[in-house]
Amino acid sequence: MPSCFRKSLVCTTLVGIAIPYAWEANIPTAKAETSTVKASQHTKAASKKPTVTLPSMMGATAPTDQAAEKLEVHGGRHRAVGGGLMIKEDAPKSRSTVTAEYIAKQAAGLNPMQLIESLPGVNTTSTDPMGLSGGHMSMRGLTENQIGFELEGFPINDIGNYAVYPQEIVDPENLRTINVEQGSADLDSPHLNATGGAVNMYLRNPKDKLGGEIVGSYGNYNARRIFGRLDTGYVGNTNVKGFVSFSDATEHSWRGPGGQNKMHGETKWMSEWGQGNIVSFSLVGNQSTGVLFPTTYMDTWQQQGIHNAYESKWDPKNPSKNYYQLHRNPFTNIYASAPSTFTLTDHLTLTETPYFWYGNGNGGGAYNESLTSQQYGNETLTGSIGPYNASNTSSLLLYNPSNTQTYRPGSVTKLTLHTGINRLTVGYWFEYSKQLQTGPFSLVDNETGKPDDLLGGGQNLILSNGVTAQYRDTLTQTRIHTMFIVDSISLLNNRLNLEAGLKYAVVNRQGHNFLPDTSTGPYINGSWQQPLPAASIRYKINDENQLFASSTTNFRIPMNTSLYDSGTFTPGVGYSTRANANMKPEISISEEFGWRYQGPTVMSSVSYFHYNFTNRLYQQTVVMPNGNYYSRSFNGGNSHADGVDFEIGTRPILYHIRPYFSAEYINARTDSNVAAGSGGDFVFSKGKFAPQTPKYQFALNLDAEISQKGCTSG
């Protein structure tokens with residue numbers, strides 16, 4: 001009997017261009033091998049209530065707000081637009097989406113920033129191909145600490161300085177979709193910093209049937225990664241199903257000594273019943289350790305190029321603070337959320353997303369410290385650590401990490417009333433966080449050059465007054481109370497949608513600085529209240545064409561470090577980092593107008609955007625007349641930008657090719673001269689083009705499905 005076979009190979013090629021651009025080194029690539037365990041035949045279905053999704057500025061913070069997940073596994077051709085880089089969109093503002101189909105074809109282990117690099121307005125940088133050492137991004141010229149990141153409805157940005165560490169967030173094999181909102185975050189988003197948009201990530205739901213997968217990858221620079229996932233299917237005769245996954249990755253640095261390693265685990269459980277009731281629970285754990293790279297300045301770039309790195313060899317007779325083992329960044333994260341939706345009546349829905357965020361780790365460093373002269377504010381003391389003291393040792397190389405420990409519970413509650421053509425949503429976001437930040441000094445093993453404890457524990461430098469020496473020692477407690485209300489109306493048989501909403505944020509920060517002789521005293525409070533209105537309109541000309549426009553207001557409160565003095569103390573001068581506790585929040589007002597075409601073969605979108613910023617938040621180093629200097633945070637005036645975003649993608653054309661192309665033009669200008677220090681000097685920045693903002697950028701993705709048909713007989 002003859003048997004027939006069919007082979008399919010999906011290839012993706014990505015080209016990205018940004019002007020101005022940053023030169024990238026030739027860095028390692030990785031190959032992947034995948035094996036899949038077939039699912040069993042056991043299945044159980046939960047009843048689902050048919051819903052009609054209306055376009056909204058409210059968004060879908062909770063995963064249970066999202067439309068039902070559709071998973072298709074078959075031998076036919078892939079038809080997602082642009083290889084999975086576009087979907088049909090009805091939001092009355094700019095929004096781009098990366099789907100699971102696109103993610104599945106990328107190199108194993110990429111972090112979320114790497115996965116969204118092709119989308120309009122997004123500009124990303126990575127220091128390694130597997131994404132283990134993090135990365136940075138900007139969107140419409142605004143950096144990641146101005147962009148709100150979420151996973152399963154809970155905030156990812158650091159509560160203190162809004163930093164994002166993409167290598168810690170999620171394994172890409174578990175991602176269902178990533179939504180990128182280029183201009184503004186949704187009103188129900190739990191963010192204090194999203195003046196430049198939002199990135200929302202959602203996990204794949206557990207599968208209905210028992211099954212699993214294992215993915216192994218390897219590459220040069222000794223890059224290795226293993227990922228495994230097990231889906232339970234429905235448990236017994238219940239509606240409960242879940243998955244657990246684990247990954248382990250390691251690689252050597254492509255420049256300099258050392259490397260990165262990461263262990264990561266995820267689990268998600270959910271139950272559906274009745275008419276639209278969903279309860280879910282997600283838990284993410286991450287433990288990673290990497291090697292830091294020194295800052296590259298123009299002179300070091302000219303001298304060393306890409307080889308600027310910490311020292312690879314340790315000399316016990318000549319200890320160096322630049323030894324790479326003293327510049328590592330261990331960190332442990334645990335994220336948990338339980339987004340759930342309850343249908344209270346046919347017209348009333350409750351969505352609840354409680355979450356908890358825990359983080360503990362540091363960035364390492366080292367300094368030669370005097371034991372005969374240590375400053376405790378204005379007081380000069382001696383110090384001792386282990387067997388070393390002022391009587392037997394004048395100075396000693398000590399490990400000095402910047403430790404941060406964060407506890408962050410919170411919850412977003414929404415109540416939505418559907419009455420025919422009208423939808424009214426009211427909600428409340430509450431969060432209480434506690435962040436302890438210290439900078440102790442601990443011993444370095446003189447034989448190996450490694451710190452005795454990567455977290456700075458063990459024996460610490462103790463001053464002669466009995467106090468542990470610290471270069472920073474603060475406790476920040478942040479309480480967030482945010483109310484929001486949104487009302488929308490759908491007219492002309494759902495062709496015209498009008499929406500208006502208001503968020504009112506109340507944020508209080510209580511700070512305690514344990515360092516002596518600070519400019520603010522030991523206790524510092526910051527309080528901010530801000531109304532944030534939003535309005536939008538979307539009109540469907542026909543089934544293929546739609547117009548949209550929106551106006552939104554977002555804010556970013558000052559970083560918690562702006563409340564504190566810290567660093568080196570100089571008598572008569574003060575600390576090397578100074579507090580500025582009276583700063584105003586950064587405010588952005590964004591307007592957009594756009595058109596979408598969503599045909600059977602081609603989809604495209606073009607949008608014009610304009611934003612105005614007031615009270616921009618900056619950091620600067622101030623040089624004093626006597627030559628001393630200090631750093632501080634400050635409000636740097638206003639800025640504005642005008643630009644155009646464009647994207648286009650197709651379903652299979654020309655031998656099953658699915659191209660995707662995106663582009664952006666932006667003209668971003670500063671509107672104020674920035675004060676240069678405490679005197680009357682200024683940096684004449686008014687009218688200048690904004691830094692770190694590509695004026696033009698383009699991305700091209702070519703996705704091709706290559707098929708071979710044939711028969712064999714035997």
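For the sequence shown, the UniProt record's numbering puts the final residue at 714, and the numbers step up evenly by one. For glycine and all other residues, C-beta sits at the position ideal for the given N, C-alpha and C.
**Q.** Same chain only: Cβ atoms within 6 Å of Glu33, ignoring 5 sequence neighbours per side
**A.** Within the sequence shown, numbered from 1, the residue matching residue 33 stands at position 33. Unreliable positioning characterises Glu33 in this predicted model, as indicated by a pLDDT of 39, which lies under 50. The coordinate reading is nonetheless provided below. These residues qualify, in order along the chain: Gly216.
Q | For Asp299, the three-state DSSP class (helix, strand or coil) | A | Stepping through the sequence shown from its first residue, residue 299 is reached at position 299. The three-state secondary structure of Asp299, taken from DSSP, is helix.
Q | Within 8 Å, strictly: CB atoms of Asp231 and Lys207 | A | Against the sequence shown, residue 231 aligns to sequence position 231. Against the sequence shown, residue 207 aligns to sequence position 207. Contact: yes.
Q: Would you mind listing the beta strand (DSSP E) stretches within the UniProt domain "TonB-dependent receptor plug" (88-188) that are 3+ residues and don't spill past its ends, in chain order?
A: You should have 96-99, 122-126, 135-139, 148-151 and 175-181.
Q. To which residues does DSSP link residue 781 through a beta bridge?
A. It is not possible to answer for residue 781, since the shown part of the chain is limited to 1 through 714.
Q: Determine the closest residue to Ser253 out of Arg224, Tyr335, Val235 and Ala91, with distance taken between C-alpha atoms.
A: For this step, residue 253 is matched to residue 253 along the sequence shown. Nearest neighbour of Ser253 by Cα position, chosen from Arg224, Tyr335, Val235 and Ala91, turns out to be Arg224.
(Q) Using a Cβ distance threshold of 8 Å, determine whether the segment 358-375 contacts the segment 296-307, with at least three qualifying pairs required. (A) Pairwise C-beta distances place the segment 358-375 out of contact with the segment 296-307, as fewer than three of them are shorter than 8 Å.
Q: Tell me, please, which residues DSSP counts as bridged to Thr577.
A: In the sequence shown, counting from the first residue as 1, residue 577 sits at position 577. Under DSSP, Thr577 shares a beta bridge with Ser566 and Ser631.
**Q.** Buried versus exposed call for Arg79 [16 or more other C-beta atoms within 10 Å across all chains shown]
**A.** Sequence index remark: in the sequence shown, residue 79 carries index 79 (1-based). Flag for Arg79 reads exposed.
Q. Among the residues of its own chain, which have a CB less than 6 Å from the CB of Asn513, if the five just before and after it don't count?
A. On the sequence shown, position 513 is the one that residue 513 refers to. The residues are Thr474, Pro522 and Tyr564.
Q. Is Ile589 near Thr621, with beta carbons less than 8 Å apart?
A. For the purposes of this step, residue 589 is taken as the residue at position 589 of the sequence shown. For the purposes of this step, residue 621 is taken as the residue at position 621 of the sequence shown. Their beta carbons are not under 8 Å apart, which means Ile589 does not touch Thr621 by this criterion.
Q: Using the Cα positions of Ser631 and Thr568, report the straight-line distance between them to the nearest angstrom.
A: Translated into the one-based positions of the sequence shown, residue 631 becomes position 631. Translated into the one-based positions of the sequence shown, residue 568 becomes position 568. If you take the alpha carbons of Ser631 and Thr568, they lie about 11 Å apart.
Q) Taking the alpha-carbon positions, what's the Thr478 to Leu424 distance? A) In the sequence shown, counting from the first residue as 1, residue 478 sits at position 478. In the sequence shown, counting from the first residue as 1, residue 424 sits at position 424. So the alpha carbons of these two residues sit roughly 30 Å apart.
Q.
Looking only at its chain, what residues have a beta carbon closer than 6 Å to the beta carbon of Gly258, apart from the 5 residues adjacent to it on each side?
A. Locating residue 258 in the sequence shown gives position 258, where the first residue counts as 1. Closer than 6 Å at the Cβ level, and outside the excluded window around Gly258, lie Val291 and Tyr324.
Q.
Quick test of the definition: if touching needs 3 or more C-beta pairs under 8 Å, does the segment 483-495 touch the segment 407-423?
A. In the pairwise beta carbon analysis, the segment 483-495 is classified as touching the segment 407-423: at least three pairs are separated by under 8 Å.
Q: Starting from Trp269, follow its DSSP beta bridges and name the residues at the other end.
A: To locate residue 269, count along the sequence shown from 1; it is residue 269. For Trp269, which the question treats as bridged, DSSP gives the partners Gly242 and Phe281.
Q | Sufficient close CB pairs (3 or more, under 8 Å) joining the segment 333-350 to the segment 376-388 | A | Too few Cβ pairs lie closer than 8 Å, so no.
**Q.** Distance between beta carbons of Ser550 and Lys93, contact taken as under 8 Å
**A.** Within the sequence shown, the letter at position 93 stands for residue 93. Within the sequence shown, the letter at position 550 stands for residue 550. With a Cβ gap of about 4 Å, Lys93 and Ser550 count as contacting.
Q: Name the one or two DSSP bridge partners that Asp231 has.
A: Taking the sequence shown and counting its residues from 1, one reaches residue 231 at position 231. Partner(s): Gly211 and Phe243.
Q. Ends of the beta strand (DSSP E) at Arg79?
A. Here residue 79 is taken as the residue at index 79 of the sequence shown, counted from 1. Per DSSP, Arg79 is not a residue of any beta strand (DSSP E), being assigned neither H nor E.
Q.
Given a cut-off of 8 Å on the beta-carbon distance, is the pair Leu381 and Leu463 in contact?
A. Here residue 381 corresponds to residue number 381 of the sequence shown, with the count starting at 1. Here residue 463 corresponds to residue number 463 of the sequence shown, with the count starting at 1. Yes.
Q) Taking just the CA atoms, how far does Leu515 sit from Glu24? A) Mapped onto the sequence shown, residue 24 falls at position 24. Mapped onto the sequence shown, residue 515 falls at position 515. Confidence at Glu24 is low in this model, with a pLDDT of 34, below 50, so its placement is unreliable and no value can be given for it.
Q) Which partner residues does Asn389 have in the DSSP bridge list? A) Residue 389 sits at position 389 when you count from the first residue of the sequence shown. Looking at the DSSP assignment, Asn389 forms a beta bridge with Ser384.
Q: Keeping to the same chain, check which residues put their C-beta closer than 7 Å to that of residue 785; ignore five residues upstream and five downstream.
A: Residue 785 lies beyond the stretch modelled for the chain, which goes from 1 to 714, so this question has no answer here.
Q: Grab the span of the beta strand (DSSP E) containing Lys321 for me, first residue to last.
A: The count along the sequence shown starts at 1 and reaches residue 321 at position 321. Segment: none, Lys321 is in no beta strand (DSSP E) and carries neither H nor E.
Q | Residues bridged to Thr425 (per DSSP) | A | The residue given as residue 425 occupies position 425 in the sequence shown. Thr425 is bridged to Thr416 and Val486.
(Q) Using 8 Å as the cut-off, can you tell me whether the segment 688-699 makes contact with the segment 661-673, which would need three or more C-beta pairs spanning the two stretches below that distance? (A) In short, these stretches touch, since the Cβ pair count reaches three.
Q: Pull up the distance between the alpha-carbon of Phe227 and that of Val507, whole angstroms please.
A: In the sequence shown, residue 227 corresponds to position 227, counting from 1. In the sequence shown, residue 507 corresponds to position 507, counting from 1. Approximately 40 Å between the Cα atoms of the pair.
Q | Separation of Val164 from Leu454, as counted between CA atoms | A | Indexing the sequence shown from 1 puts residue 454 at position 454. Indexing the sequence shown from 1 puts residue 164 at position 164. Spanning the two alpha carbons is a distance of roughly 22 Å.
Q) In its own chain, which residues sit with a C-beta less than 6 Å from the C-beta of Met113, not counting the 5 before and 5 after it? A) Reading the sequence shown from its first residue, position 113 is the one you call residue 113. Contacts found: Thr124, Gly135, Met137 and Pro166.
Q. Just checking, does the segment 149-158 make contact with the segment 98-109 on the three C-beta pairs under 8 Å criterion?
A. Under the 8 Å Cβ criterion, the segment 149-158 does not count as touching the segment 98-109, having fewer than three qualifying pairs.
Q.
Let me check understanding here. Comparing Cα to Cα, which of Asp128, Met270, Pro172 and Gly276 lies closest to Gly219?
A. In the sequence shown, counting from the first residue as 1, residue 219 sits at position 219. Checking every option, the nearest Cα to that of Gly219 belongs to Asp128.
Q | Length of the line joining the Cα atoms of Ser527 and Ala100 | A | In the sequence shown, counting from the first residue as 1, residue 527 sits at position 527. In the sequence shown, counting from the first residue as 1, residue 100 sits at position 100. Ser527 and Ala100 have their C-alpha atoms spaced approximately 41 Å apart.
Q. Is the Cβ-Cβ distance between Tyr611 and Val644 less than 8 Å?
A. Counting from 1 along the sequence shown, the entry for residue 611 is found at position 611. Counting from 1 along the sequence shown, the entry for residue 644 is found at position 644. With contacts defined by Cβ atoms closer than 8 Å, Tyr611 and Val644 do not form a contacting pair.
Q.
Using the Cβ count rule (16 or more neighbours within 10 Å means buried), how would you classify Tyr432?
A. In the sequence shown, counting from the first residue as 1, residue 432 sits at position 432. The residue is exposed, with fewer than 16 neighbouring Cβ atoms inside 10 Å.
Q) Would Gln470 pass as a contact of Gly511 if the rule is Cβ separation under 8 Å? A) Taking the first residue of the sequence shown as 1, we reach residue 470 at position 470. Taking the first residue of the sequence shown as 1, we reach residue 511 at position 511. With respect to Gly511, Gln470 sits apart: the two C-beta atoms are not nearer than 8 Å.
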